[in-house]
Each structure stands twice: as C-alpha cells, then as structure tokens.
Amino acid sequence: MTEEFYADALEKLALVGAMIGFSLAVAAYSTWGERKVAAFLQDRIGPNRAGIFGLLQPLADGLKLFSKEEIIPTNANKFLFILGPALAMMVACMTGAVIPWSSPFEMGGRIVVPQIADVNIGFLYVLGVLSVGVYGIMIGAWASNNKYSLMGGIRAASQIISYELPMGLVLITVLMMTGSLKLSDIVNYQQDQIWFVILQPLGFLIFLICSFAETNRTPFDLPEAENELIGGYHSEYSSMKMGFFLFAEYINMFISSVIIATIYFGGYDIPFVNDAKLAESIGMNWMSVLNFMSLFGKACFFIFFYMWVRWTIPRFRYDQLMNLGWKTLLPLALFNMLLTGLVILLLNN
1 MTEEFYADAL EKLALVGAMI GFSLAVAAYS TWGERKVAAF LQDRIGPNRA
51 GIFGLLQPLA DGLKLFSKEE IIPTNANKFL FILGPALAMM VACMTGAVIP
101 WSSPFEMGGR IVVPQIADVN IGFLYVLGVL SVGVYGIMIG AWASNNKYSL
151 MGGIRAASQI ISYELPMGLV LITVLMMTGS LKLSDIVNYQ QDQIWFVILQ
201 PLGFLIFLIC SFAETNRTPF DLPEAENELI GGYHSEYSSM KMGFFLFAEY
251 INMFISSVII ATIYFGGYDI PFVNDAKLAE SIGMNWMSVL NFMSLFGKAC
301 FFIFFYMWVR WTIPRFRYDQ LMNLGWKTLL PLALFNMLLT GLVILLLNN
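What follows is the structure in structure tokens.
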C-alpha cells in the first residue's frame with residue numbers, strides 16, 4: 001500500500017512538472033509565434049536574428065527580462081506588489097490540472113492517465129481558477145499606487161464579471177447534454193457521439209468570445225490599453241515581475257485554447273478515425289502520442305486564431321465591451337440554454 005501510494009504520488013508529481021514545463025515552453029514560443037504572425041499579416045519578416053528563423057528569440061527575451069533592473073515604487077505596497085504577478089503566474093499554471101491531455105499509456109508496467117486530477121467538477125474548477133486569476137491583476141494594480149494601474153485593475157475585474165456569466169451559462173448546456181462535469185466524460189461523449197461545436201454552435205461562439213475577454217486579448221485588452229492607460233495594471237512593473245504577467249497571459253491563452261478544443265472539438269479525439277481500432281493496430285503508447293498531437297494541433301490553431309484577431313481587429317471602447325457582455329452575450333447564452341433544454345425534453349419524450 002505504501003509503495004503504491006508513493007508510486008502514485010511520484011506519477012502525479014511528474015505529470016505536474018511535465019504540464020508546467022510544457023506550458024512554459026509553449027508560452028515562450030508563443031511570443032515568437034505572435035511576432036511571426038504579426039509580421040506575416042503586416043508583410044514584414046519578423047524575428048530572424050537570434051538563431052535559425054529567430055527560434056532563439058524567446059531565450060533572448062528571457063535574458064533581457066532577467067537582466068533588467070528590479071524597480072519597486074517608493075509608495076507601493078511591496079508585499080502585494082510582488083504577490084500580484086506571482087499569483088497571476090501560479091493561477092495560470094493551475095488551470096490545466098483537470099484537462100485530459102491524451103489517452104492512457106503504459107510506462108514501467110503501470111497504466112498512466114495523462115491527467116493530473118479527474119475531478120467530478122472539472123469545468124467548474126476551470127471557471128473558479130479563472131476567476132481567481134483576476135486577483136493577481138487587481139492586487140498588482142492596487143499595490144502599484146498608480147491611478148492608471150488601478151483603472152486597469154478595475155477594468156479587468158468588471159470585464160471578468162461581465163464575461164464569466166455567459167461563459168458559465170453555455171457550459172451548463174454541455175452539462176445538460178453529457179450529464180457530467182468531468183472533462184474526461186465530455187471528451188468520451190464526443191468520441192462516441194459528435195463534437196459539441198456541431199451540436200452547440202451558438203454556445204461555441206459565445207464561449208470563444210468570452211475566452212478573449214478572460215485572457216485580456218485584443219479586442220478585449222482594455223485593462224492594459226496603451227493609448228489610454230500607458231500599460232494598465234503592469235505600468236509600474238519591470239524585469240521578471242512584468243515577465244510573469246506577460247507569461248501568465250500567454251499560458252492562459254494556451255490553456256484556453258486547450259479547453260476550447262476539449263469541450264467543443266473532441267479533446268484528444270482524432271477526427272475521422274476510429275481510435276479504438278487504430279490503438280489495436282499501433283499499440284497503446286503510440287496511440288497516446290497521436291492523441292496528444294491531435295489535441296496540441298487543435299490548440300495551436302486557436303492560438304493562431306487569437307494572434308490573427310489581435311493583429312486584425314481594433315480594440316473596443318470600454319462601453320462597447322460592457323454592452324456586448326451584458327446586453328448581447330448574456331441574453332444569447334440564456335436563449336441557448338433554454339433552447340437546449342427544450343430540445344432535450346422533446347427528444348426524451
């Protein structure tokens with residue numbers, strides 16, 4: 001019993017380390033990808049000096065952030081000033097704990113499920129952690145003792161409240177159809193039936209728009225609008241404290257892309273392929289690799305979509321942002337939930 005307990009603990013610890021390390025690597029190279037996508041859309045070359053095709057640019061950026069001077073404003077609350085970016089980074093890394101990254105694989109005579117915690121309240125956990133994430137921004141904004149930073153923090157809080165309501169309502173429709181809050185059950189349902197992007201197209205559209213607001217990406221980047229608030233909530237930050245805020249944003253973008261793929265695009269399900277038959281022919285481990293590549297490929301598409309939108313659509317005004325959340329998305333989410341309930345009732349009867 002003791003040996004098995006330690007083996008399980010070591011397995012979970014390895015999964016946590018792999019998830020955090022992989023998320024950090026994706027976030028680092030998302031900065032390179034963002035510059036390349038922006039350059040492509042603006043007919044430029046982009047980073048091409050540091051390494052082949054500029055692939056060492058994230059390392060150069062990291063070295064630059066580490067070597068910058070650490071500045072804490074004189075009138076800032078030093079403890080909260082440090083806690084803000086640390087909390088934002090920690091919460092960003094916590095979100096992926098309930099995501100099923102792939103099908104099980106065998107290692108050392110053990111069947112390993114590449115999911116840290118398959119809890120019964122999977123996407124409620126995701127919503128809860130995303131809600132906590134705004135505290136890092138608000139704490140950092142308030143501790144800076146800067147009116148522009150404080151305004152950015154207030155905007156972030158009101159934005160989160162506005163867009164989490166419709167996001168939660170569209171997830172209720174997924175719960176109504178699957179009868180489970182587990183993300184693994186949602187993936188299994190889509191493998192057996194059909195992807196939710198087809199069953200819930202309006203819910204997917206609302207969730208996608210809300211995910212832009214949750215991650216503070218353009219056109220919903222009002223908390224850090226340069227033309228209004230200098231840099232918003234991280235105006236007073238420098239060195240790796242600012243780097244933590246930036247990394248947290250890119251990790252949130254990656255995890256949000258994975259969650260969209262998991263809930264609406266079958267997760268690690270390979271489209272147009274019978275996964276069970278393929279697993280029999282190539283083996284469990286290779287199937288797990290293909291499943292992970294399928295999920296990662298879907299996530300990369302949405303990461304590209306985030307970047308594409310950023311360099312295509314201009315930023316909203318703040319009143320337009322709030323009106324869209326409360327007067328358009330919330331009624332549409334309620335309508336979608338009622339329509340889903342009516343269809344389920346008619347089919348059951």
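Going by our numbering, the first residue of the sequence shown is number 1, and it counts up by one from there. Ideal Cβ positions, reconstructed from N, Cα and C, are used throughout, including at glycine. All of these numbers come straight from a predicted model, not from anything done at the bench.
Bridge partner(s) assigned by DSSP for residue i
| i | result |
| --- | --- |
| Glu-69 | In DSSP, Glu-69 forms no bridge with anything. |
| Phe-105 | Val-112 |
Three-way DSSP call (helix, strand, coil) for residue i in this model
| i | result |
| --- | --- |
| Glu-34 | helix |
| Ala-117 | coil |
| Gln-57 | helix |
| Ser-238 | coil |
| Tyr-264 | helix |
| Thr-2 | helix |
| Pro-100 | coil |
| Ser-131 | helix |
| Phe-272 | coil |
| Ala-141 | helix |
| Gly-46 | coil |
| Trp-326 | helix |
| Asn-252 | helix |
| Gly-17 | helix |
| Ile-259 | helix |
| Phe-220 | coil |
| Gly-51 | coil |
| Ala-198 | Reading off the sequence, residue 198 comes out as Ile, not Ala. Helix at Ile-198. |
Other residues of its chain near residue i: CB distance less than 8 angstroms, five sequence neighbours each side excluded
| i | result |
| --- | --- |
| Met-94 | Val-129 |
| Glu-106 | Val-112, Met-284 and Asn-285 |
| Val-187 | Pro-100, Thr-262, Gly-266, Gly-267, Tyr-268 and Asp-269 |
| Pro-58 | Ala-28, Tyr-29, Thr-31 and Trp-32 |
| Leu-295 | Trp-101, Ser-102, Val-258, Ala-261, Thr-262, Gly-267 and Tyr-268 |
| Phe-244 | Pro-85, Ala-86, Ala-88 and Met-89 |
| Leu-127 | Glu-164, Met-167, Gly-168 and Leu-171 |
| Tyr-318 | Arg-155 and Leu-222 |
| Ile-344 | Met-176 and Met-177 |
Bounding residues of the alpha helix (DSSP H) (the contiguous stretch that carries residue i)
| i | result |
| --- | --- |
| Phe-292 | 284–310 |
| Asn-323 | 318–323 |
| Tyr-148 | 147–178 |
| Gln-191 | 183–192 |
| Thr-340 | 330–348 |
| Glu-214 | 201–214 |
| Gly-84 | 78–94 |
Other residues of its chain near residue i: CB distance less than 7 angstroms, five sequence neighbours each side excluded
| i | result |
| --- | --- |
| Leu-246 | none |
| Phe-254 | Ser-23, Val-26, Ala-27, Ser-30, Ala-299 and Ile-303 |
| Tyr-250 | Ala-27, Ser-30 and Thr-31 |
| Tyr-333 | Before going on, a small fix: residue 333 reads as Ala here, not Tyr. If we look at Ala-333 and ignore the five residues flanking it on each side, its Cβ neighbours are Pro-166, Leu-169, Val-170 and Ile-206. |
| Ser-131 | Ile-160 and Glu-164 |
| Val-37 | Phe-304, Met-307, Trp-308 and Trp-311 |
| Asn-145 | Pro-73, Asn-75 and Ala-76 |
| Leu-83 | Ile-139 |
| Tyr-233 | Ile-137, Gly-140, Ala-141, Ser-149, Gly-152, Gly-153, Ala-156, Pro-223 and Glu-224 |
| Leu-202 | Leu-332 and Asn-336 |
Residues of its chain near residue i, where Cβ-Cβ distance is below 6 angstroms and the 5 sequence neighbours each way are ignored
| i | result |
| --- | --- |
| Asn-252 | Ala-92 and Thr-215 |
| Leu-351 | Nothing in the structure corresponds to residue 351, since the chain is present only between 1 and 349. |
| Ile-325 | In the sequence as presented, Ile is not what sits at residue 325; that position holds Gly. These residues qualify, in order along the chain: Ser-162 and Tyr-163. |
| Glu-34 | Met-307 |
| Lys-78 | Ile-72 |
| Leu-55 | none |
Cβ-heavy atom distance, residue i to the ligand SAM, below 8 angstroms
| i | result |
| --- | --- |
| Gly-33 | Absent from the structure shown: the ligand SAM. Ligands present: none. |
Test: residue i CB closer than 9 angstroms to a CB of chain C
| i | result |
| --- | --- |
| Asn-188 | Although the question refers to chain C, the structure presented lacks it and comprises just one protein chain. |
Query raised in the report: Between the stretch 47–56 and the stretch 112–120, are three or more C-beta pairs nearer than 8 angstroms?
Result: Too few Cβ pairs lie closer than 8 angstroms, so no.
**Report entry** At least three beta-carbon pairs within less than 8 angstroms, the stretch 141–150 to the stretch 104–114
**Finding:** Verdict: no, contact absent.
Requested in this report: Would you check if there are 3 or more beta carbon pairs closer than 8 angstroms linking the stretch 60–77 to the stretch 330–339?
Outcome: Between the stretch 60–77 and the stretch 330–339, the count of Cβ pairs shorter than 8 angstroms is below three; the stretches do not touch.
**Report entry** Sufficient close CB pairs (3 or more, under 8 angstroms) joining the stretch 264–282 to the stretch 82–96
**Finding:** At 8 angstroms Cβ cutoff, the stretches do not touch.
Query - the stretch 236–243 touching the stretch 275–284, judged by at least three CB pairs closer than 8 angstroms - result: When Cβ pairs closer than 8 angstroms are counted between the two stretches, the stretch 236–243 is seen not to touch the stretch 275–284, the count staying below three.
Requested in this report: Count the CB pairs spanning the stretch 180–188 and the stretch 159–167 that are closer than 8 angstroms, and state whether there are at least three.
Outcome: At 8 angstroms Cβ cutoff, the stretches do not touch.
Query raised in the report: Touch check for the stretch 202–216 and the stretch 165–172: three-plus C-beta pairs under 8 angstroms?
Result: Verdict: yes, contact present.
Query raised in the report: Does the pairing of the stretch 187–200 with the stretch 303–319 give three or more beta-carbon distances under 8 angstroms?
Result: Flag = no, the stretch 187–200 and the stretch 303–319 do not touch.
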